[in-house]
Amino acid sequence: RGSSSSSTRIYNLLKIYANQFHTSCDRVHLRQMWSSGWGADFLNMQSGMVHAINDLGGIPMILEAGSPWHYTANKNDSSNAACEAMDTTCYFLP
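Each residue of the sequence shown is one higher than the one before, counting from 76 in my numbering.
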């Protein structure tokens, strides 16, 4: 791949980084966590970040779940939790 593709990728990753570590939480994009399947869950997260960055002026995105993310704990009784938060932060940096 050419340097243009790499430059675009780097630029977009820096936008995500800036969004993730935004210093103000007075404006956020709240998005429902699906707990559907690995691909669908990450498509939902990706769509949320793109919307927050491109359409909402770069505000932070927060995933909200009514129950634990199904890859971190049993949905029925929250048993076998991978971490206390029982969300994507169990596997990835918050």
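Glycine included, each C-beta is placed from N, C-alpha and C at the ideal position.
Keep in mind the model is a prediction, meaning the values are calculated, not measured.
Closest to L131 by CA distance: which of L105, T83, D116 is it? One-based indexing of the sequence shown puts residue 131 at position 56. Taking only the C-alpha atoms, the option nearest L131 is L105.
Where does the unbroken beta strand (DSSP E) through L138 begin, and where does it stop? Within the sequence shown, residue 138 is the residue found at index 63, counting from 1. Here the beta strand (DSSP E) through L138 covers 136–139.
Quick check on the DSSP output: the alpha helix (DSSP H) that includes L105 runs from which residue to which? As a first step, residue 105 is located in the sequence shown; it is residue number 30 there, counting from the start. Not the alpha helix (DSSP H): L105 falls in the beta strand (DSSP E), residues 104–107.
C-beta atoms of A110 and A140 nearer than 8 Å: Position 35 of the sequence shown, counted from the start, is the residue given in the question as residue 110. Position 65 of the sequence shown, counted from the start, is the residue given in the question as residue 140. Inspection of the sequence shows that residue 110 is occupied by Ser rather than by Ala. Yes, Cβ-Cβ distance for S110 and A140 is below 8 Å.
Give me, in chain order, the residues of the same chain whose beta-carbon lies closer than 8 Å to that of N155; leave out the 5 immediate sequence neighbours on both sides. Along the sequence shown, one-based indexing puts residue 155 at 80. Around N155: A148, N149.
Who are the near neighbours of F167 in its chain, counting only those whose CB is closer than 8 Å to its CB and skipping five residues on each side? Along the sequence shown, read from residue 1 onward, the residue named residue 167 stands at position 92. Correct list: empty, nothing qualifies.
Should I137 be labelled buried (16 or more other beta-carbon atoms within 10 Å of its own) or exposed? Within the sequence shown, the letter at position 62 stands for residue 137. That one is exposed.
Quick one: grab the DSSP three-state call for C165. Within the sequence shown, residue 165 is the residue found at index 90, counting from 1. Note: C165 maps to helix in three-state DSSP.
Pull up the distance between the alpha-carbon of I91 and that of T83, whole angstroms please. Position 16 of the sequence shown, counted from the first residue, corresponds to residue 91. Position 8 of the sequence shown, counted from the first residue, corresponds to residue 83. If you take the alpha carbons of I91 and T83, they lie about 12 Å apart.
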